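Participant:
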Amino acid sequence: MNVERLDGRIAVVTGGSSGVGLAAAKGLARLGARTILISRREQSAKRAVDEIKRITGNPAVEFALCDLTDPVAVQALIHDLEKQIPHIAVLVSAAGSVGEQGVTSSGIPRAFATNYLGHFFLIRAALPLLNAAPDGRILIVGVMPALIRRLRTVSYSAVGPEMSSTALMNQAVAWKLLLAHHLAVTHPGGPSINVFHPGLIRSNLLSGGTIAAKAIGAIFNRFAKDHCVVVEYLASSSAVTGASGNMFDDRGRRVNLPSIVTAEHADNVWKASVAMTERALGG
Ligand SMILES: NC(=O)c1ccc[n+]([C@@H]2O[C@H](COP(=O)([O-])OP(=O)(O)OC[C@H]3O[C@@H](n4cnc5c(N)ncnc54)[C@H](OP(=O)(O)O)[C@@H]3O)[C@@H](O)[C@H]2O)c1
Numbered sequence: 005m006n007v008e009r010l011d012g013r014i015a016v017v018t019g020g021s022s023g024v025g026l027a028a029a030k031g032l033a034r035l036g037a038r039t040i041l042i043s044r045r046e047q048s049a050k051r052a053v054d055e056i057k058r059i060t061g062n063p064a065v066e067f068a069l070c071d072l073t074d075p076v077a078v079q080a081l082i083h084d085l086e087k088q089i090p091h092i093a094v095l096v097s098a099a100g101s102v103g104e105q106g107v108t109s110s111g112i113p114r115a116f117a118t119n120y121l122g123h124f125f126l127i128r129a130a131l132p133l134l135n136a137a138p139d140g141r142i143l144i145v146g147v148m149p150a151l152i153r154r155l156r157t158v159s160y161s162a163v164g165p166e167m168s169s170t171a172l173m174n175q176a177v178a179w180k181l182l183l184a185h186h187l188a189v190t191h192p193g194g195p196s197i198n199v200f201h202p203g204l205i206r207s208n209l210l211s212g213g214t215i216a217a218k219a220i221g222a223i224f225n226r227f228a229k230d231h232c233v234v235v236e237y238l239a240s241s242s243a244v245t246g247a248s249g250n251m252f253d254d255r256g257r258r259v260n261l262p263s264i265v266t267a268e269h270a271d272n273v274w275k276a277s278v279a280m281t282e283r284a285l286g287g
């Protein structure tokens with residue numbers, strides 16, 4: 005996977021304080037991008053910024069705080085960014101969670117809100133900034149290709165608290181693929197948008213769970229990496245300029261999309277996402 009310099013480009017990375025987002029942000033900063041991390045907690049965001057600056061020698065690393073499951077907060081974030089930067093050349097949408105319980109104030113299961121809807125809120129709100137960049141690129145974190153192959157159904161209206169956490173996670177991934185397909189088809193001159201499997205990346209995903217989950221997390225992290233080469237490749241390489249609506253594995257290879265990825269499902273998912281946004285905004 006060849007990578008190219010990103011000097012003069014501006015990258016925004018959600019979940020940049022930990023795990024996949026942190027690994028991605030390190031890589032983009034190392035390639036010279038001005039890099040802005042988005043997450044909720046100030047202490048871990050500051051720690052990540054300091055670490056990235058120290059490791060990469062790039063002083064242009066910042067953070068902004070935002071709960072991406074709150075569309076009002078996402079709009080405020082974008083308004084702030086619009087005052088500070090002329091465009092977003094690379095948006096890595098890598099925030100995520102495992103095993104979140106409960107629902108948001110608009111009744112959406114938190115597991116789905118964090119793992120899909122927050123990505124949708126941000127990508128939709130950031131489109132003007134992404135359109136302003138030549139060769140803008142959106143990269144959404146996915147899961148391993150073996151799990152992608154097992155996606156068989158798309159549920160539009162039944163994404164609710166009655167669904168199991170596994171079903172919610174599956175729907176979140178299916179909707180990400182369909183969001184990428186929809187934007188690739190309906191915004192042909194806009195930013196490219198692709199889903200990627202990051203590989204096994206050192207993570208805090210299981211650090212807040214049960215003792216058993218923490219033990220699994222510790223074993224997982226012993227084998228995990230601190231860098232995410234596929235993000236560097238997809239964000240920078242001219243070999244993938246214009247490639248859009250795809251899923252890539254951690255070695256930069258295209259993954260066959262499941263048969264649920266159709267224009268009709270993509271259109272329905274877009275409409276359902278817009279309706280959920282309006283509901284969350286109280287409209
Ligand atoms: N790690 C891997 O090997 C791996 C492999 C395949 C797929 N993935 C997927 O990648 C995603 C992220 O996993 P990870 O390993 O990076 O987890 P992680 O280490 O727990 O990091 C999650 C990041 O997301 C942020 N975040 C969570 N909820 C947020 C919200 N509502 N608003 C804004 N930021 C939020 C967290 O910061 P705050 O808590 O401060 O907000 C943190 O920066 C998950 O969907 C996971 O399934 C991970």
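In the working numbering, the protein residues as written are 5 to 287.
We treat Cβ as the ideally placed atom computed from N, Cα and C, and that holds for glycine.
What you are looking at is a predicted structure, and each value in this text was computed from that prediction instead of being measured.
Where DSSP assigns a beta bridge to P113, which residues make up the other side?
Facilitator: Taking the sequence shown and counting its residues from 1, the one referred to as residue 113 is at position 109. P113 is bridged to V107.
Participant: Whose CA, out of N62, S43, T18 and L134, lies closest to the CA of R9?
Facilitator: As a position in the sequence shown, residue 9 is number 5, starting the count at 1. If we check each option's Cα against that of R9, N62 comes out closest.
Participant: Can you say whether S21 is buried or exposed, counting buried as having 16 or more other CB atoms within 10 angstroms of its CB?
Facilitator: As a working note, residue 21 is residue 17 in the sequence shown. So S21 ends up on the buried side.
Participant: Quick check: the segment 186-197 against the segment 244-252, are at least 3 beta-carbon pairs closer than 8 Å?
Facilitator: Yes: the two stretches touch, three or more of their Cβ pairs being nearer than 8 Å.
Participant: Relative to the alpha-carbon of N260, which residue among R283, L151 and T281 has its alpha-carbon at the smallest distance?
Facilitator: Translated into the one-based positions of the sequence shown, residue 260 becomes position 256. N260 has its Cα closest to that of L151, out of R283, L151 and T281.
Participant: Compute the distance between the beta-carbons of I2 and I40, then report whether it is under 9 Å.
Facilitator: As shown, the chain starts at 5 and ends at 287. That puts residue 2 outside it, with no answer to give.
Participant: T266: which of L181, V177, V17 and I215 sits nearest, CA to CA?
Facilitator: Taking the first residue of the sequence shown as position 1, residue 266 is located at position 262. Comparing Cα-Cα distances from T266 to each of L181, V177, V17 and I215, the minimum goes to L181.
Participant: Mapping the DSSP letters down to three states, classify A93 as helix, strand or coil.
Facilitator: As a working mapping, residue 93 is identified with position 89 in the sequence shown. If DSSP states are grouped into helix, strand and coil, A93 belongs with coil.
Participant: Mind checking whether D271 and G203 have CB atoms under 9 Å apart?
Facilitator: Indexing the sequence shown from 1 puts residue 271 at position 267. Indexing the sequence shown from 1 puts residue 203 at position 199. In this structure, G203 does not lie closer than 9 Å to D271 by Cβ.
Participant: I'd like to check one pair, V177 with L143: are the Cβ atoms closer than 9 Å?
Facilitator: The residue labelled residue 143 in the question sits at position 139 within the sequence shown. The residue labelled residue 177 in the question sits at position 173 within the sequence shown. Contact: no.
Participant: Alpha carbon to alpha carbon, what distance is there between R206 and I14?
Facilitator: Sequence index remark: in the sequence shown, residue 14 carries index 10 (1-based). Sequence index remark: in the sequence shown, residue 206 carries index 202 (1-based). Looking at the two C-alpha atoms, the distance is approximately 25 Å.
Participant: Can you name the residues that DSSP bridges to E86?
Facilitator: Numbered from 1 along the sequence shown, position 82 holds the residue referred to as residue 86. Answer is none; E86 lacks a bridge partner.
Participant: For T108 and A117, what's the separation of their Cα atoms in angstroms?
Facilitator: Position 104 of the sequence shown, counted from the start, is the residue given in the question as residue 108. Position 113 of the sequence shown, counted from the start, is the residue given in the question as residue 117. Cα-Cα distance, rounded: 8 Å.
Participant: Would T60 pass as a contact of R34 if the rule is Cβ separation under 9 Å?
Facilitator: Position 56 of the sequence shown, counted from the start, is the residue given in the question as residue 60. Position 30 of the sequence shown, counted from the start, is the residue given in the question as residue 34. Going by C-beta atoms, T60 is nearer than 9 Å to R34.
Participant: Quick one: Cα of L133 to Cα of D139, how far?
Facilitator: Within the sequence shown, numbered from 1, the residue matching residue 133 stands at position 129. Within the sequence shown, numbered from 1, the residue matching residue 139 stands at position 135. Cα to Cα, L133 sits roughly 12 Å from D139.
Participant: When you compare only the Cα positions, how much space is there between A184 and R153?
Facilitator: Locating residue 184 in the sequence shown gives position 180, where the first residue counts as 1. Locating residue 153 in the sequence shown gives position 149, where the first residue counts as 1. The straight-line gap from Cα to Cα measures roughly 17 Å.
Participant: Enumerate, from N- to C-terminal direction, the unbroken beta strand (DSSP E) stretches of 3 or more residues contained entirely within the segment 7-82.
Facilitator: Those beta strand (DSSP E) runs which fall completely within the segment 7-82 and span 3+ residues are 14-18, 38-43 and 65-69.
Participant: Please state whether DSSP places M148 in a helix, a strand or coil.
Facilitator: Within the sequence shown, numbered from 1, the residue matching residue 148 stands at position 144. Here M148 sits in coil by DSSP.
Participant: Going by DSSP, name the residue or residues bridged to R258.
Facilitator: To locate residue 258, count along the sequence shown from 1; it is residue 254. Answer is F252, bridged to R258.
Participant: Just to confirm my understanding: we take K229, look at its own chain, exclude 5 residues before and 5 after, and list those with CB closer than 8 Å. What are they?
Facilitator: Counted from its first residue, the sequence shown places residue 229 at position 225. A27, G203, L204, I205 and R206, listed in sequence order.
Participant: Counting C-beta neighbours from all protein chains within 10 Å, is the total for S175 16 or more, i.e. buried, or is it exposed?
Facilitator: As a working note, residue 175 is residue 171 in the sequence shown. Inspection of the sequence shows that residue 175 is occupied by Gln rather than by Ser. Q175 is buried by the Cβ-count criterion.
Participant: Could you spell out the range, first to last residue, of the beta strand (DSSP E) harbouring N198?
Facilitator: Position 194 of the sequence shown, counted from the start, is the residue given in the question as residue 198. Start and end: S196 to F200.
Participant: Just the Cα atoms here: how many angstroms apart are D54 and C70?
Facilitator: In the sequence shown, the residue the question calls residue 54 occupies position 50. In the sequence shown, the residue the question calls residue 70 occupies position 66. When rounded, the distance between both Cα atoms is 19 Å.
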